[in-house]
Amino acid sequence: MIGYVLALSVIILLIGYLSAISARDVVRLLISLELMFGAVFLSLIPLFTTPLALEAGGIAVITIFTSASELMVLIAAIIILDRRFRTISIDNVRAGGDSL
Amino acid sequence: MDAETTAILAVAVFAVLSSLGVLLARDNFYASIYMSVTMLLIAAIFAILGVHSMFVIIAFIFVGAIGVITVALAATYRYLPPSKLSNIWILPALITAGMLISSVYGLYSYIKATDTISRLAESYPELITLLFAMMVLMLLSAIHMIRREAL
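Read top to bottom, the protein sequences are chains A and B.
Throughout, this note's numbering is defined as the position within the first sequence, counted from one, plus 160.
Throughout, this note's numbering is defined as the position within the second sequence, counted from one, plus 1191.
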């Protein structure tokens, strides 16, 4: 059963990754990232089958809250990008103001 | 096959279908709806396995807060041109998916459900195959991004 869950996790992670690398705007990128975080949550399930189930719960809570706050930062960045450049196209995103 | 495994398999099929909806939907709004459905199905797997606290956290915090904000954001920017799946990447993605699925199948045939983590760490060939496949995918996508930038 754990194998099925891990296989599902890998499939969803791959679909999210494929969606992320083919994204043309940052909203689609955000959606893909949330999908990949879902795959990460699924990969935490084997932790609950060990005797350390209480610690697994703590790890899972930290993972979920960290990813949720990371996505909130990304949502704020999308809003700032739209305010500054009037577009959310991924072609306008530059690292540190430099182009690749 | 007991009832729990059957329920997990049924939910897994619907989760894969809805995540494919994220990939194939041309509109960001529908993609975000499909994403929320996928997250709820992932939470349902936790509920089936008896981890109800995780179900509550994913359903109410992740989908209820982040998912709803994402749906609202996607509905706001609905007029933007939708993204399109690059056909060039279908073959590398299928090869990588095959490698990943075979490595997961190898892990499943090797490990037992009771002592998963320690046996997972001992299964070096499958882990190396998995990490190598992920590394190749990341390098290929980096090359693709640089080439797209140069055009």
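Yeah, the Cβ is synthetic: ideal placement off N, Cα and C, and Gly gets one too.
Below-8 Å beta-carbon distance, residue i vs any chain B residue
i         : result
Ser203(A) : no
Phe208(A) : yes
Ala167(A) : yes
Leu214(A) : no
Leu195(A) : yes
Gly218(A) : no
Ile171(A) : yes
Ala228(A) : yes
Ile240(A) : no
Val221(A) : yes
Residue range of the alpha helix (DSSP H) that includes residue i
i          : result
Met232(A)  : Ala213 to Phe245
Ile171(A)  : Ile162 to Ile181
Val1254(B) : Val1254(B) -> no alpha helix (DSSP H), and no H or E assigned at all.
Leu207(A)  : Counting along the chain, Leu207(A) falls outside any alpha helix (DSSP H), and DSSP gives it neither H nor E.
Met1245(B) : His1243 to Val1247
Residue i Cβ short of 7 Å to the ligand NAP heavy atom set
i          : result
Thr1229(B) : The model depicted lacks the ligand NAP and carries no ligand whatsoever.
Any C-beta of chain A under 8 Å from that of residue i
i          : result
Ala1238(B) : no
His1243(B) : no
Phe1323(B) : no
Thr1320(B) : no
Val1228(B) : no
Thr1287(B) : yes
Ala1198(B) : no
Leu1148(B) : Only positions 1192 to 1342 of chain B appear in this structure, which leaves residue 1148(B) out of reach.
Ile1252(B) : yes
Ser1293(B) : no
Ala1265(B) : yes
Ile1334(B) : no
Val1207(B) : yes
Ala1235(B) : no
Residue i - partner residues in DSSP beta bridges
i          : result
Ser1332(B) : Paired residues: none, contrary to the question.
Ser249(A)  : Asp185(A)
>> Give the list of continuous alpha helix (DSSP H) stretches no shorter than 4 residues that lie fully inside the stretch 1197–1241 of chain B.
In response: 1219–1239
> For the 8 Å Cβ check, are there 3 or more pairs between the stretch 181–200 of chain A and the stretch 1214–1231 of chain B?
Replying inline: yes
> So, do the stretch 170–182 of chain A and the stretch 199–207 of chain A have three or more beta carbon pairs nearer to each other than 8 Å?
Replying inline: yes
>> So, does the stretch 1227–1239 of chain B touch the stretch 1287–1295 of chain B, judging by three or more C-beta pairs under 8 Å?
In response: no
> On the three-pair Cβ rule with 8 Å, is the stretch 1252–1272 of chain B touching the stretch 228–235 of chain A?
Replying inline: yes
> Does the stretch 238–247 of chain A come close enough to the stretch 1276–1292 of chain B that 3 or more CB-CB pairs lie under 8 Å?
Replying inline: no
> Any chance the stretch 1246–1254 of chain B sits against the stretch 1228–1235 of chain B, with 3 or more Cβ pairs inside 8 Å?
Replying inline: yes
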